[in-house]
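Reading through the structure tokens given below for one structure.
Residue numbers (full-length UniProt numbering): 1 to 761.
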């Protein structure tokens, strides 16, 4: 290595000189450094350039006996020895400036010692011109070291060590780049200086000092960049904080304005906030950014309380007026005054239209009760692509299914713990659901004091019914709206009235040999449970046990028990659901089982689905080209568009839904609903209404009448495409499998429908 340096030393020195001069020029045009530090660094680079440049000249003119050579040899050596101390002195000023910039107002004695030592060293170099203590020249003008040569290395070696001690003490005050630059600037020349003592004919110390100066330049620029980035980030942070503050101010003003307007009308109180919260939920579920969700929120909030003309005055937020103008437009363009159709309508307005509709449907006032969620769900499905944007309508249905907006929905009614009835059925409790799990209901009853006489009849009773919201209804409009069905009424003495039940069987067992019904006060218990379409109730009082079996219209219906009575007050009402269930043999069958699948079976057994996904067919492995054909019929009493077959694409080790290693890839209902993509598969779903489709009422009637359905499958590698059409509802889905499985199965299921004559070809 030393041979290489010795052979190329002159070229290396020339390159280093040029680099230092260039660095000095670059520093001169730099504008991001403090003025004093900038000039210190320029002087530092110029001293480094002079040091290495004149050191090169010492080699060029060494032994040159000409007059010019005589002068240049002495001048060059003098400047080399002087500038070596000068560069240490200049670095000392640089270090002092850095410390001062960090608000470290301390008098550094060690740096003062360094400053004095470097000045003394320069004076000694001047004295050397007369004494030759450091160096001298022969008669042939050849340089040689003097007796006190080693003294000249005290400053380049010892002084940087002193400076290093100061740097280490205050290292946490420096940036990482500046600290690294100073550490290299000091340590490298010290190490090389020690080596220089034992090497003659090489200027490795000077080259090391110059290289360190160049390093100082680069690290200074890195520090400048770092500082600029920090300043930029700070500016951005401040700007964002200011924007956030302005947005918060706008938001607070908007909400305050909304509240002020709503205070004038008690009926509208809270409606704007409710619509805004729902709209933001839809936007979030659709993957909109935080800023976009905020825009949706304020557009939904303000359009409820301010007209388009008012909102037009807010020039910085034009979407507010746009939303007020277009949120009433239909997606299909029908009767739109604006003439806009589909995606031409601003996106925020399409989101707000869905949120407004949900708020309207769930609104309760003197004229009407809130529409049940299941009816609202169907409305969004039916109006998707017509009144509402199909994507945002689908998102709304998804939100209803997972109930993420529960905190802004009306609180669900809770079962009463006390109930008072003067006239018969004056009040009826919230319905208590009857399921396969055996449930115990208990309460205490006593005669109302205000009606108490010896001849007063007092007795609790039960209403057996079904409705969307677990309430009993009397008026024709509410009965239709909430699909209210009353199966019958029961009394604890064994009397019963059958309304819409297929059959009711009552057995009375006396306790303690009593056959009288003369104690209306006391503890009453009910043990309830069901299996398929049969319901069993055991009503117990102090002197009777009444066993009741009720045959419902079919297995798909829900059933509730409503507590009521006449001239009685019910208290301490308790409901306890157990883990025990009624089986097929626990409830005697009093009516024939309702079956819609008593038909000849084809390749796969027929299935009757009484509840959502209650039954699945066995899985069918999908081939490259395959058609799955079947006959389907929705139950006569089915109510909603989703009471139809569903298709499931999946994998499991045994080819059955829910089997070992089960993974669901796609779930599609024939009404045009899908569950989207998941971790195992990516789905691209489309549903279109062809000319054969008239309206959803006709579509439901078509399903109730029954029809033959065909589903065409095409499989290539891990991609499955299937297509089907029923009464103008055209469905196509492409499923791309993302996991390692290549075997894909299809199974049929549904809700309140029968699937028969299942064939593959």
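No residue lacks a Cβ here, since even glycine has one placed at the ideal position from N, Cα and C.
{"Item": "Burial state of residue 676, where buried means 16 or more other Cβ atoms lie within 10 Å", "Value": "exposed"}
{"Item": "Sequence ranges, beta strand (DSSP E) only - wholly within the region 93-173, length at least 3", "Value": "135-137 and 143-145"}
{"Item": "Where residue 364 falls, given that 16 or more other Cβ within 10 Å makes a residue buried", "Value": "exposed"}
{"Item": "Candidates 547, 313 and 651, of which the one nearest residue 660 by Cα", "Value": "651"}
{"Item": "Residue closest to residue 497, alpha-carbon to alpha-carbon, out of 511, 484, 548 and 18", "Value": "548"}
{"Item": "Cβ neighbours of residue 389 in the same chain (closer than 6 Å, five flanking residues each side left out)", "Value": "331 and 350"}
{"Item": "Nearest-angstrom beta carbon gap, residue 693 and residue 622 [assumed within contact, 8 Å]", "Value": "Not quite, the Cβ-Cβ distance comes to about 28 Å (not below 8 Å), so this is no contact."}
{"Item": "Whether residue 627 touches residue 426 by CB criterion (9 Å)", "Value": "no"}
{"Item": "Euclidean distance between Cα positions of residue 629 and residue 291", "Value": "49 Å"}
{"Item": "Residues that DSSP places opposite residue 696 in a beta bridge", "Value": "Answer is none; residue 696 lacks a bridge partner."}
{"Item": "Beta-carbon gap between residue 524 and residue 442 smaller than 9 Å", "Value": "yes"}
{"Item": "Close Cβ partners of residue 62 (< 8 Å) along its chain, the five nearest in sequence each way excluded", "Value": "73, 141, 142 and 143"}
{"Item": "Of the listed residues 148, 506, 460 and 567, nearest to residue 538 (C-alpha basis)", "Value": "506"}
{"Item": "Straight-line Cα distance separating residue 559 from residue 758", "Value": "32 Å"}
{"Item": "Residue 488 classed as buried or exposed, judged by whether at least 16 other C-beta atoms fall within 10 angstroms", "Value": "buried"}
{"Item": "Any C-beta of chain D under 9 Å from that of residue 605", "Value": "The structure shown contains no chain D; it holds only a single protein chain."}
{"Item": "Three-state secondary structure (DSSP) of residue 704", "Value": "helix"}
{"Item": "Presumed contact (8 Å Cβ cut-off) between residue 733 and residue 666, rounded CB distance", "Value": "6 Å"}
{"Item": "Selected residue, minimal CA-CA separation from residue 566, among 555, 746, 447 and 91", "Value": "447"}
{"Item": "Contact belief for residue 385 with residue 690 at Cβ below 8 Å, rounded distance in angstroms", "Value": "That pair is no contact at about 12 Å."}
{"Item": "Residue range of the unbroken beta strand (DSSP E) whose run includes residue 598", "Value": "Here residue 598 belongs to no beta strand (DSSP E), and DSSP marks it neither H nor E."}
{"Item": "Backbone CA spacing between residue 546 and residue 748 [nearest angstrom]", "Value": "42 Å"}
{"Item": "Residues bridged to residue 531 [DSSP beta-bridge criterion]", "Value": "534"}
{"Item": "Local conformation of residue 88 per DSSP, three classes", "Value": "helix"}
{"Item": "Spatial distance of residue 161 from residue 239 (CA atoms)", "Value": "45 Å"}
{"Item": "Element boundaries [alpha helix (DSSP H), containing residue 39]", "Value": "35-61"}
{"Item": "Presumed contact (8 Å Cβ cut-off) between residue 562 and residue 428, rounded CB distance", "Value": "4 Å"}
{"Item": "Where the beta strand (DSSP E) containing residue 421 begins and where it ends", "Value": "419-421"}
{"Item": "Burial state of residue 646 (16 or more Cβ within 10 Å)", "Value": "buried"}
{"Item": "Beta-carbon proximity check, residue 75 vs residue 47, cutoff 9 Å", "Value": "no"}
{"Item": "The region 604-621 / the region 353-360 touching (three or more Cβ pairs under 8 Å)", "Value": "no"}
{"Item": "Local conformation of residue 20 per DSSP, three classes", "Value": "helix"}
{"Item": "First through last residue of the beta strand (DSSP E) which encompasses residue 590", "Value": "Run containing residue 590: none; DSSP gives neither H nor E here."}
{"Item": "Segment limits, beta strand (DSSP E) that includes residue 627", "Value": "625-634"}
{"Item": "Outcome for residue 20 when other beta-carbon atoms lying within 10 angstroms are tallied against a minimum of 16", "Value": "buried"}
{"Item": "Between the CA atoms of residue 698 and residue 711 - distance to the nearest angstrom", "Value": "22 Å"}
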